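Using our numbering, read the sequence shown as starting at 99 and increasing by one per residue. No residue lacks a Cβ here, since even glycine has one placed at the ideal position from N, Cα and C. Note that the structure is predicted; figures quoted are calculated from it, not measured.
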Amino acid sequence: AGFRFISGPNIYHGTTTTTGSIKNVQNFVYTLEAVRPGRFSIPSAIVAFNNRPLQSNEAMVRVISQQDAASGLGKKRELLSSEYFLRPGEDPDKKIRENLFLKVQLDRNSCFTGEAVVATFKLYSRLESKSDIVKNPGFYGFTVHDMVNLADKQISTEKINGRLFDVHTIRKVQLYPLQAGDFIIDAMEVKNSVEFSKSMVNKKTEQEIAEGMMGSGADEPAAEGTAIFENNTSTDPLLVHVKPLPGKNKPVSFAGAAGRFTISSSVSNTQLAKNEQGFLEITLSGKGNFTQLDAPVLLWPAGVEGFEPSVRDELEKNKTPLAGRRIFRFPFVCAAPGLYKFSPVSFSYFDTDSNTYRTISSSSPEVTVSNTEKKTVKAETSKTSFAAQNERAARIAGGIAVLAILLIIGYWMFGKKEPELVVKEVIEKPVIPTAEDLLKPAHEAVRGIDREFYTALRSAIWAFAGQHFALSGSGSTRQILLHNITERGVGKELAGKITMILDQCDAGMFTSASLAEDKQQLLEQAKETLEAIEKALL
């Protein structure tokens, strides 16, 4: 009643997001035309689903006359429903709490060690607001991979209790737990500045979100006819229960990989000259906790000398868990001619689809080394440079000899003078750099490019390890470092912290993870950990 049927039904398919889950939607659209002013009811729609009726709600429609529309009555009613307008006597604090808030959503609250948990932080708003992130959550006990951050400007709409909100995804991360236990994802805190109009103004509300920007300058005064109110909002801390991986049937070679993987191996060149450098590539493909995967242990054939690998990731940022591949590129040289066959590389992982352990192996690539030496321009340059260095060294040595003779003559002519100074200079011990000294490059890079910071921090940790645990060359591996730390009685807790920091560095160096908001915190944690190890070694 009160309408004329125009067309329909037109059927549209889509999706909607409610309470963190995505649902399919079918919309049946009918177009009607109002024929007279008044207040009319659209009756319930009824459909049969699985042999039972489903009934919708009724809808009320107010139809105004052309005269009212021309006089602006319709626009006034629209403005009265706008949250930008602060009505006389209305509580601004209550209005802000009801129309501007933060939420964090987890795709799961329980997982296995190494299994991904996705945390999404969203700001919901129906107001004219400027928001500043004043505290990012800490993800202690997890390796972090960022999927969405502020720079992505991901905005959508969601309906809550029948009202549409603008939804800004502030941050979306994949979290990979490092060990079993209960871990807290602490709160994200946001400071808001909300503008209200004291009169009915036709304006669509908009939101701005930044990090560390508000409060840097003088506060802007409210425009005429408006009022500005501030408040703080935060997410609730959430508990994630991380279950230990089953002890039954755990392979001896298992090193913490969780997901589903395949492995392959290949050499960059199957024909090499004697002493020519080759490369063995081990590729892990699939899905899982790539950022936590260490290089596999290789058994090099006799006559082959292998070195520490470089690591390259080719990962899909928005897949959960991470999907793609991690490539370990091992340099090697063969001193003698012959045919060399590399042993298959075994890799064990926990299959999160079937909750079982699996062990896979690569193929056995071969390389043939000829009896001829590889001659390159670089080698000739090197030889020339070496000869030049020898000539220069000879000149320096001759100069030193002449100087020594003159010193001896002077000694006998003028007598012994302050020999103790010479002795003191000889026995003076070199100054050993402290943890703070080693971390200076990381301090300088903390506000710069992420990859440079994580590289500097990782280098500082390995320099510290070389200084205190005599690690160098192929002996600079994480397994050897942790073994030496525990052997020296430092303690498993500090060893675990070193592992977590190195994991964070690997995530920043070898993936597209964006962890800029945690760099200062990670640097402080690294300083405390290294200084604690220094103290324990005294």
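Short of 7 Å in beta carbon distance, which residues of its chain neighbour GLU156, apart from the five on each side in sequence? Order them along the chain. As a working note, residue 156 is residue 58 in the sequence shown. Closer than 7 Å at the Cβ level, and outside the excluded window around GLU156, lie SER139, ILE140, PRO141 and SER142.
Can you tell me the Cβ-Cβ gap for TYR238 and GLN390, rounded? I've got them flagged as a contact below 8 Å. In the sequence shown, the residue the question calls residue 238 occupies position 140. In the sequence shown, the residue the question calls residue 390 occupies position 292. TYR238 to GLN390, Cβ: 15 Å. No contact.
How about ASN259 and LEU225: do their beta carbons lie closer than 7 Å? Position 161 of the sequence shown, counting from 1, holds the residue named residue 259. Position 127 of the sequence shown, counting from 1, holds the residue named residue 225. Result no, Cβ atoms of ASN259 and LEU225 do not sit closer than 7 Å.
What are the boundary residues of the alpha helix (DSSP H) that includes ARG185? Taking the sequence shown and counting its residues from 1, the one referred to as residue 185 is at position 87. Run containing ARG185: none; DSSP gives neither H nor E here.
For ALA371 versus LYS439, is the C-beta spacing smaller than 7 Å? Here residue 371 refers to the residue found at position 273 when the sequence shown is read from its first residue. Here residue 439 refers to the residue found at position 341 when the sequence shown is read from its first residue. Cβ atoms of ALA371 and LYS439: not closer than 7 Å.
Going by beta-carbon coordinates alone, are ILE617 and PHE551 separated by less than 7 Å? Within the sequence shown, the letter at position 519 stands for residue 617. Within the sequence shown, the letter at position 453 stands for residue 551. With the sequence shown as reference, residue 617 is identified as Lys, and Ile is not the correct amino acid for it. Yes, they are a contact pair.
So what does DSSP say about LYS251, is it helix, strand or coil? Within the sequence shown, the letter at position 153 stands for residue 251. Looking at LYS251 - three-state DSSP - the assignment turns out to be coil, as it is neither helix nor strand.
Within the same chain, show all residues whose beta-carbon is closer than 8 Å to that of LEU592, passing over the 5 residues directly before and after it, in chain order. Position 494 of the sequence shown, counted from the start, is the residue given in the question as residue 592. Closer than 8 Å at the Cβ level, and outside the excluded window around LEU592, lie ILE583, THR627, ALA630, ILE631 and ALA634.
C-alpha gap between LYS251 and ILE559, whole angstroms: Position 153 of the sequence shown holds residue 251. Position 461 of the sequence shown holds residue 559. Those two C-alpha atoms are separated by around 35 Å.
Bridge partners of ASP449, per DSSP? Counting from 1 along the sequence shown, the entry for residue 449 is found at position 351. Its beta-bridge partners are GLY357 and THR454.
Does the pairing of the stretch 324 to 333 with the stretch 283 to 297 give three or more beta-carbon distances under 8 Å? yes
Own chain residues within Cβ distance below 6 Å of SER254, not counting five before or after: Within the sequence shown, residue 254 is the residue found at index 156, counting from 1. So the qualifying residues of the chain are VAL265.
Shortest alpha-carbon distance to LEU621 belongs to which of PRO335, LEU536, GLN153 and LYS228? As a working mapping, residue 621 is identified with position 523 in the sequence shown. Nearest option by C-alpha distance: LEU536.
Of the listed residues PHE199, VAL215 and PRO186, nearest to ASP205 (C-alpha basis): As a working note, residue 205 is residue 107 in the sequence shown. The residue with the shortest Cα to Cα distance from ASP205 is VAL215.
Cut-off 6 Å between Cβ atoms - residues of its own chain near ALA421, not counting five sequence neighbours on either side: Working through the sequence shown from its first residue, we reach residue 421 at position 323. The residues are LYS385 and GLU414.
Using 7 Å as the threshold, is the C-beta distance between GLU42 and ARG427 below it? Absent from the model: residue 42. The displayed extent of the chain is 99 to 636, so no value can be given.
Backbone secondary structure at LYS346 - three-state DSSP: Looking up residue 346 in the sequence shown gives position 248. In the structure shown, LYS346 sits in coil (DSSP, three-state: anything other than H, G, I, E or B).
Which listed residue (GLU181, GLN165 and LEU378) has its alpha carbon closest to that of GLU406: The sequence position of residue 406 within the sequence shown is 308, counting from 1. Checked all of GLU181, GLN165 and LEU378; the closest Cα to GLU406 is LEU378.
Identified DSSP bridge partners for PRO107: Counting from one through the sequence shown, the residue named residue 107 turns up at place 9. Note: PRO107 sits in no beta bridge, so no partner.
Local conformation of ALA540 per DSSP, three classes: Here residue 540 refers to the residue found at position 442 when the sequence shown is read from its first residue. Three-state DSSP puts ALA540 in a helix.
Tell me which residue opens and which closes the alpha helix (DSSP H) that SER351 is part of. Residue numbering aside, residue 351 sits at position 253 when the sequence shown is read from its first letter. Here SER351 belongs to no alpha helix (DSSP H), and DSSP marks it neither H nor E.
CA-CA distance, GLY310 and ASN234? The residue given as residue 310 occupies position 212 in the sequence shown. The residue given as residue 234 occupies position 136 in the sequence shown. GLY310 and ASN234: Cα-Cα distance of roughly 11 Å.
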